[in-house]
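As structure tokens, the structure follows; a few thoughts come after it.
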Amino acid sequence: MLNDFDYSNKIIIIGDSATGSRNRITQSYYRGADAAIIVYDVTCLESFNHVRSWLKDLYNYSDSEIKKVLVGNKVDQKDSRRVSYDEGKKLADDYGILFFETSAFDGQNVEEAFVAAVKEKKEPRKTSFTPSQVEEILLTEQAGDDSSDEGGKKTTSSSCKC
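Each residue of the sequence shown is one higher than the one before, counting from 2 in the numbering used here.
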């Protein structure tokens, strides 16, 4: 499949860095990008909670035509999982973007996520949002956020190393 990959596309990857740096991405990072892959760590709730902020920046600073793919990584670490597939899928659906779960460790779905980002560029989705719609989604989620899990118990961010 990578033999058919269009290497002329500029794909940016947004997520927590391995070094733990929390520096904000500058506007110039987004310039000229055709697609963005937003990656969070399924073993770290804090990482997942950053996705909305990254998407807001992406909508504010990138070309409106940039294609977005949400990726939950580290699915090979089943015993350490903190973010369910359904939570990731719902967030992607809320923003009208593609969703994949991957494992960089064993390669599960990594190639598929990149290929989808490029395909997505060639076949635009009909469900994308303007920056004001993203802001409305964020405000709605913040107003209704009870941070509870499926059983109704409060969940808190652990001191994960993401």
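From the three backbone atoms N, C-alpha and C, an ideal C-beta is built for every residue, glycine too.
Nonlocal neighbours in the same chain, by C-beta distance under 6 Å from residue i, ignoring five residues either side
i      : result
Tyr31  : Tyr62 and Ser63
Arg126 : Residue confidence for Arg126 is low, a pLDDT of 43 falling below 50, so the modelled location carries little weight; the figure read from the coordinates is stated next. Counting only Cβ-Cβ distances below 6 Å, and skipping sequence neighbours, we find nothing.
Asn110 : Phe101 and Thr103
Ile98  : Lys69 and Leu71
Residue i CB to nearest heavy atom of the ligand MG below 6 Å
i      : result
Ala105 : Because no ligand of any kind appears in the structure shown, any question about the ligand MG cannot be addressed here.
Boundaries (first-last residue) of the alpha helix (DSSP H) holding residue i
i     : result
Asp87 : Tyr86 to Tyr96
Element boundaries [beta strand (DSSP E), containing residue i]
i      : result
Asp64  : No beta strand (DSSP E) holds Asp64; DSSP gives it neither H nor E.
Phe49  : Segment Leu46 to Asn50 is the alpha helix (DSSP H) holding Phe49; no beta strand (DSSP E) there.
Phe101 : Leu99 to Glu102
Spatial neighbours of residue i in its chain, beta-carbon cut-off 8 Å, leaving aside the 5 residues before and after
i      : result
Asp94  : Phe100
Ala34  : Lys11, Ile12, Ile13, Ser63, Asp64 and Ile67
Leu59  : Ile15, Tyr31, Ala37, Ile39, Ile67 and Lys69
Val52  : Ile39, Tyr41, Leu71 and Leu92
Ala117 : Val70, Leu99 and Phe101
Contact set for residue i: own chain, Cβ-Cβ below 7 Å, skip 5 residues either direction
i      : result
Val76  : Val43, Glu102, Thr103, Ser104 and Gln109
Ala114 : Ile38, Val70, Val72, Phe101 and Thr103
Lys90  : Phe100
Per DSSP, cross-strand counterpart(s) of residue i
i     : result
Asp42 : Asn74
Ala36 : Ile12 and Lys68
Tell me whether the stretch 106 to 113 and the stretch 80 to 90 touch, counting them as touching only if at least three CB pairs, one residue from each stretch, are closer than 8 Å.
Counting Cβ pairs under 8 Å, fewer than three are found: no touch.
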